[in-house]
Amino acid sequence: MSEEEFLEALSGVDAQLSSHSSWEQIKRVASDHPWSLGETPLSPGQQCVLAFWRIFSRDEQGQSTAPMPGQGTSQDILQSLSDFQEDFESSVLINTDLDLDSIRELFQALAPN
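Whatever position you read off the sequence shown (first residue = 1), add 1 for the working numbering.
Written out as C-alpha coordinates, the structure reads:
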(Lines of atoms letter the chains of each structure in order from A and count residues from 1; the text may use other names and numbers.)
(Lines give C-alpha, C1' and ligand atoms only; values in the text may rest on other atoms or scores of the structure.)
Protein backbone atom coordinates (compact mmCIF):
# COMPACT_ATOMS: atom_id res chain seq x y z
CA MET A 1 0.00 0.00 0.00
CA SER A 2 1.43 3.36 -0.99
CA GLU A 3 1.51 6.31 1.40
CA GLU A 4 -1.15 8.02 -0.72
CA GLU A 5 -3.44 4.97 -0.54
CA PHE A 6 -2.83 4.75 3.21
CA LEU A 7 -3.79 8.40 3.68
CA GLU A 8 -6.93 7.81 1.60
CA ALA A 9 -7.82 4.85 3.83
CA LEU A 10 -7.38 7.00 6.96
CA SER A 11 -9.57 9.69 5.36
CA GLY A 12 -12.21 7.08 4.57
CA VAL A 13 -12.47 6.06 8.22
CA ASP A 14 -12.55 9.73 9.22
CA ALA A 15 -15.47 10.31 6.84
CA GLN A 16 -17.36 7.35 8.31
CA LEU A 17 -16.88 8.60 11.88
CA SER A 18 -17.70 12.23 11.06
CA SER A 19 -21.41 11.72 11.63
CA HIS A 20 -20.67 11.71 15.37
CA SER A 21 -20.41 15.13 16.99
CA SER A 22 -17.93 13.72 19.50
CA TRP A 23 -15.59 12.76 16.63
CA GLU A 24 -15.67 16.36 15.47
CA GLN A 25 -14.73 17.46 19.02
CA ILE A 26 -11.79 15.05 19.04
CA LYS A 27 -10.60 16.40 15.68
CA ARG A 28 -10.69 19.97 17.00
CA VAL A 29 -8.42 18.91 19.86
CA ALA A 30 -6.06 17.14 17.44
CA SER A 31 -5.85 20.20 15.19
CA ASP A 32 -3.99 22.01 18.00
CA HIS A 33 -1.21 19.40 17.83
CA PRO A 34 -0.59 18.67 14.11
CA TRP A 35 1.46 15.71 12.88
CA SER A 36 2.89 14.57 9.60
CA LEU A 37 3.54 11.18 8.10
CA GLY A 38 7.03 11.54 6.74
CA GLU A 39 6.87 14.83 4.87
CA THR A 40 3.10 14.75 4.40
CA PRO A 41 1.02 16.76 6.90
CA LEU A 42 -1.95 14.82 8.25
CA SER A 43 -5.42 16.30 8.48
CA PRO A 44 -6.88 16.29 12.00
CA GLY A 45 -9.14 13.41 10.96
CA GLN A 46 -6.27 11.33 9.57
CA GLN A 47 -4.26 12.06 12.70
CA CYS A 48 -7.09 10.94 14.99
CA VAL A 49 -7.71 7.74 13.06
CA LEU A 50 -3.99 6.90 13.05
CA ALA A 51 -3.54 7.63 16.77
CA PHE A 52 -6.58 5.78 18.04
CA TRP A 53 -6.14 2.89 15.59
CA ARG A 54 -2.60 2.33 16.87
CA ILE A 55 -3.75 2.65 20.50
CA PHE A 56 -6.75 0.34 20.10
CA SER A 57 -4.56 -2.24 18.33
CA ARG A 58 -2.13 -2.79 21.20
CA ASP A 59 -1.20 -6.29 22.26
CA GLU A 60 -0.61 -7.51 25.82
CA GLN A 61 2.90 -6.02 25.82
CA GLY A 62 1.55 -2.60 24.82
CA GLN A 63 2.87 -2.75 21.26
CA SER A 64 0.59 -1.70 18.42
CA THR A 65 -0.27 -4.49 16.02
CA ALA A 66 -1.88 -2.11 13.51
CA PRO A 67 -0.17 -2.95 10.21
CA MET A 68 1.44 0.14 8.74
CA PRO A 69 2.36 0.36 5.04
CA GLY A 70 5.28 -1.98 4.45
CA GLN A 71 4.25 -4.16 7.41
CA GLY A 72 1.11 -5.70 5.99
CA THR A 73 -0.80 -6.12 2.78
CA SER A 74 -3.35 -3.56 1.64
CA GLN A 75 -6.06 -6.05 2.61
CA ASP A 76 -4.57 -6.45 6.12
CA ILE A 77 -4.48 -2.69 6.63
CA LEU A 78 -7.99 -2.08 5.31
CA GLN A 79 -9.43 -4.92 7.42
CA SER A 80 -7.67 -3.66 10.54
CA LEU A 81 -8.96 -0.12 9.93
CA SER A 82 -12.48 -1.45 9.39
CA ASP A 83 -12.34 -3.44 12.63
CA PHE A 84 -11.00 -0.40 14.46
CA GLN A 85 -13.78 1.81 13.09
CA GLU A 86 -16.49 -0.54 14.35
CA ASP A 87 -14.87 -0.96 17.77
CA PHE A 88 -14.12 2.73 18.25
CA GLU A 89 -17.56 3.81 17.15
CA SER A 90 -19.38 1.43 19.49
CA SER A 91 -17.07 1.61 22.50
CA VAL A 92 -16.11 5.29 22.47
CA LEU A 93 -18.28 7.48 20.26
CA ILE A 94 -21.64 5.93 21.13
CA ASN A 95 -21.32 4.44 24.60
CA THR A 96 -19.11 6.79 26.61
CA ASP A 97 -18.86 10.40 27.67
CA LEU A 98 -15.73 11.87 26.15
CA ASP A 99 -13.00 13.15 28.42
CA LEU A 100 -11.61 15.85 26.15
CA ASP A 101 -8.96 16.82 28.72
CA SER A 102 -7.48 13.31 28.55
CA ILE A 103 -7.64 13.38 24.75
CA ARG A 104 -5.91 16.78 24.75
CA GLU A 105 -3.16 15.36 27.01
CA LEU A 106 -2.79 12.39 24.67
CA PHE A 107 -2.24 14.57 21.61
CA GLN A 108 0.13 16.86 23.53
CA ALA A 109 2.18 13.82 24.55
CA LEU A 110 2.22 12.38 21.02
CA ALA A 111 2.99 15.65 19.23
CA PRO A 112 6.49 16.02 17.80
CA ASN A 113 8.68 18.39 19.80
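Where is the CB? At the ideal position from N, CA and C, for every residue including glycine.
Excluding the 5 residues flanking it on each side, S23 has same chain C-beta neighbours closer than 6 Å at L94, L99, in chain order.
Ranked by Cα distance from L43, the options E5, F85, S83, S20 are led by E5.
With a minimum length of 4 residues, the unbroken runs of alpha helix (DSSP H) contained wholly in the segment 35-112 fall at 45-57, 75-89, 101-111. In the three-state reduction of the DSSP assignment, S19 falls in the coil class, being assigned neither a helical nor a strand state. The count of Cβ pairs closer than 8 Å, one atom from the segment 33-47 and one from the segment 79-94, stays below three, leaving the stretches out of contact. Closest by C-alpha distance to W54, out of D33, L107, S81, is S81. Straight across, the Cα-Cα distance linking D102 with L8 is about 27 Å.
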